[in-house]
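Right, one structure below, let's go through it.
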Amino acid sequence: MVLLAALGLPLSAADRRVILIDLDGLRHDTFEQTYGEGRLPNFQRILEPALWFENAAAVFPSVTLTGHASLFTGVAPARHGIIGNEWFDRAAERLVDYTSPAGAACVYGYTLFGSECRGGLANRHLQAPTLYEAATAAGATSMVVFSQYWKGATHAVGPGLVDVLSFLQGQSIEYEAFDARMMDRALETLVEKGLPDILTLYFAGTDGIGHAEGTAGQPRYLERVVDPQFGRLLDALDWLDPQWRARTLFVITSDHGRSDAVLNPEDLTLAADLLAALKRAGFDSERVHLATNGGMAYVYLRGGSWAEAPPEEAVRAVVRELSEDPLLGRAVESVRARTEKESPRAGELIVSLRPGHYFGNRGVGSHHGSAHEPDRWVPLILAQGGVPAGRNQERVSHTQVARTVADYVGFPIEAVDPALPLGYEAVKKAEKLTPLRFSPLPPVRSPSGR
Numbered sequence: 182m183v184l185l186a187a188l189g190l191p192l193s194a195a196d197r198r199v200i201l202i203d204l205d206g207l208r209h210d211t212f213e214q215t216y217g218e219g220r221l222p223n224f225q226r227i228l229e230p231a232l233w234f235e236n237a238a239a240v241f242p243s244v245t246l247t248g249h250a251s252l253f254t255g256v257a258p259a260r261h262g263i264i265g266n267e268w269f270d271r272a273a274e275r276l277v278d279y280t281s282p283a284g285a286a287c288v289y290g291y292t293l294f295g296s297e298c299r300g301g302l303a304n305r306h307l308q309a310p311t312l313y314e315a316a317t318a319a320g321a322t323s324m325v326v327f328s329q330y331w332k333g334a335t336h337a338v339g340p341g342l343v344d345v346l347s348f349l350q351g352q353s354i355e356y357e358a359f360d361a362r363m364m365d366r367a368l369e370t371l372v373e374k375g376l377p378d379i380l381t382l383y384f385a386g387t388d389g390i391g392h393a394e395g396t397a398g399q400p401r402y403l404e405r406v407v408d409p410q411f412g413r414l415l416d417a418l419d420w421l422d423p424q425w426r427a428r429t430l431f432v433i434t435s436d437h438g439r440s441d442a443v444l445n446p447e448d449l450t451l452a453a454d455l456l457a458a459l460k461r462a463g464f465d466s467e468r469v470h471l472a473t474n475g476g477m478a479y480v481y482l483r484g485g486s487w488a489e490a491p492p493e494e495a496v497r498a499v500v501r502e503l504s505e506d507p508l509l510g511r512a513v514e515s516v517r518a519r520t521e522k523e524s525p526r527a528g529e530l531i532v533s534l535r536p537g538h539y540f541g542n543r544g545v546g547s548h549h550g551s552a553h554e555p556d557r558w559v560p561l562i563l564a565q566g567g568v569p570a571g572r573n574q575e576r577v578s579h580t581q582v583a584r585t586v587a588d589y590v591g592f593p594i595e596a597v598d599p600a601l602p603l604g605y606e607a608v609k610k611a612e613k614l615t616p617l618r619f620s621p622l623p624p625v626r627s628p629s630g631r
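Residue numbers for the sequence shown follow our numbering, so the first one is 182 and each next one is one higher.
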């Protein structure tokens, strides 16, 4: 409620809503540069003016399922339990992989892949309540479209079985069609059900194109696909609620950033080299599981059983062995033991890679997952709904979005990170734009030559 008071908004307004635009795998400077070049006219309809957070960070590891869980629960991975796209379930003695073809289908709740898929695999693994659960408990409505997390939402709209089957058959995903279908389904449901208090729209294509083409391919995708689809939403709002500008807060953000790939030959054999080093340290393949997440990995070491950790002295000995290995040292920045502050789902060891190094990196497209800034630097922009315009340079996290949304709509949410700083003083001291911290993106021309 502090947010409403700071903005001078009435606490009892019943028609206030939030629309959250989730652009998967998009770095802050990619969005800002594309917008600044005038290539996003529909976003311009709401972003002049707007409040831009210049130093918003995603959580570590900077991967999709972890970032989205943090965004929609308002807490860090140690609390919500989704510690990566991959992690090892000690109780079940199996690797959880949300992004494999079968894993992706299970995440979206298709029960033909097993009863555990009912309600969405990642939803079931959450150890913290979602923003939507808090909203529903307070009588607020929510709609989630194509996102991997919808637990507690009033209406959940997921991709169709045809989309899931394309994952399973190993087909290349037509991201433009996928995101267009997302907006089709969103508009159909909005016409049928009406505007909810919270609307979450998930664009998957920005990440898919980023992996295939690197950051240089994302501006074209934003211009040709995301912006026109966003324009369809704004046109629908004009019809659904002519007063939407006054009572709708837009939140534009992402789950993680990314880094363009550079070929490092040692990355191609990094997982095998790590397993070989673990074997030399006394843990053969039957006593090790490796869960890789781009720029980092969890190492699970078996004690008497998988549910029983090895002795602390054995873990310390492995840390020393791996830290001193000259072959691993080319790519590995640090090896450390899991701490009490981290999720017990994490491995006994946490391996972090040097900037530019990623498990399986072949030098094509782009990657993410590391603790380094490019992989964690995300756009975070608030617009309309009475929020003051400006530039804020404070270090903030996308975990702060959940309470910001709850405060704006006007319902309580417990034990989450604080709301984003939106008061006048926070904006006033951030009026000057920070220069981009990375080299400008290569110019990408659209087919029209613009």
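All C-beta atoms, glycine included, are put in the ideal place defined by N, C-alpha and C.
Output yes or no for whether 9 Å exceeds the beta carbon distance between residue i and residue j.
i, j, result
"T387", "G206", "yes"
"H209", "V586", "no"
"W331", "N304", "yes"
"L430", "A462", "no"
"A237", "S578", "yes"
"V500", "R517", "yes"
"Q565", "W420", "no"
"A458", "L508", "yes"
"D436", "T280", "no"
"L201", "L418", "no"
"A442", "R576", "no"
"Y313", "F241", "no"
"R220", "P400", "yes"
Could you please give the first and the last residue of the uninterrupted beta strand (DSSP E) stretch that includes residue i?
i, result
"D205", "Premise fails: D205 is in no beta strand (DSSP E) and is neither H nor E."
"F224", "Not the beta strand (DSSP E): F224 falls in the alpha helix (DSSP H), residues P222 to L228."
"A472", "V469 to T473"
"I433", "T429 to T434"
"R576", "G571 to S578"
"Y481", "M477 to L482"
"S504", "First-last for S504: E493 to S504, but that is the alpha helix (DSSP H), not the beta strand (DSSP E)."
"I562", "L561 to A564"
With distances taken from CA atoms, which of the options is nearest residue i?
i, options, result
"H548", "L534, L561 and P560", "L534"
"D365", "A527, P409 and A231", "P409"
"Q581", "A458, Y383, L603 and A442", "L603"
"S515", "V480, P492 and G484", "V480"
"R557", "R439, R413 and L403", "R439"
"L403", "F212, A600 and R197", "F212"
"T311", "H261, R576, L342 and A453", "H261"
"T520", "E505, E554 and V496", "V496"
"K522", "R197, E218, C287 and A257", "A257"
"G510", "H538, D270, L221 and P599", "H538"
"L302", "A315, R226, N266 and E274", "N266"
"Y589", "T473, G484, R405 and A427", "A427"
"Y467", "G219, R275 and L293", "Before going on, a small fix: residue 467 reads as Glu here, not Tyr. Here the closest residue by C-alpha is R275."
"D270", "G528, V532, L561 and A600", "G528"
"P230", "V568, R362 and D598", "V568"
Kindly indicate if chain D contains any beta-carbon less than 9 Å away from that of residue i.
i, result
"L508", "Of the chains in the structure shown, none is chain D; there is only one protein chain."
Throw me the rounded Cβ distance for the residue i and residue j pair, which I believe falls under 8 Å.
i, j, result
"S551", "S251", "About 16 Å separates the two Cβ atoms, so there is no contact after all."
"T322", "G333", "Between G333 and T322 the Cβ distance is about 11 Å, and since that is not below 8 Å, they are no contact."
"A570", "L232", "6 Å"
"L455", "L471", "7 Å"
"A478", "F384", "Going by Cβ atoms, the distance from A478 to F384 rounds to 28 Å, so no, they are not a contact pair."
"V326", "L414", "V326 to L414, Cβ: 10 Å. No contact."
"P593", "A315", "7 Å"
"A378", "V407", "First, the amino acid is wrong: residue 378 is Asp here, not Ala. Actually they do not touch by this definition, with Cβ atoms about 24 Å apart."
How many Å lie between residue i and residue j at the Cα?
i, j, result
"R584", "V199", "12 Å"
"D422", "D203", "22 Å"
"F224", "V432", "12 Å"
"T215", "E297", "41 Å"
"G351", "Q574", "Note on G351: pLDDT 48, under 50, position unreliable in the model; no value is reported."
"G320", "G375", "16 Å"
"L371", "D465", "55 Å"
"L349", "G389", "Residue confidence is low: L349 scores 49 on pLDDT, short of 50, so the model does not pin down where it sits. Its coordinate-derived value is still stated next. Rounded to the nearest angstrom, the two C-alpha atoms are 16 Å apart."
"L368", "V338", "11 Å"
"D506", "L444", "21 Å"
"A490", "T247", "24 Å"
"A512", "S524", "25 Å"
"D196", "T396", "38 Å"
"P621", "G412", "Confidence at P621 is low in this model, with a pLDDT of 37, below 50, so the placement of that residue should be treated as unreliable; the coordinate-derived value is given next. Rounded to the nearest angstrom, the two C-alpha atoms are 27 Å apart."
"V545", "D448", "12 Å"
"A283", "F294", "7 Å"
State the start and end residues of the unbroken alpha helix (DSSP H) segment that holds residue i.
i, result
"Y356", "Y356 to K374"
"V586", "V582 to V590"
"Y313", "L312 to A318"
"S251", "T245 to T254"
"R517", "Where R517 is concerned, there is no enclosing alpha helix (DSSP H), although the beta strand (DSSP E) it sits in stretches over V513 to A518."
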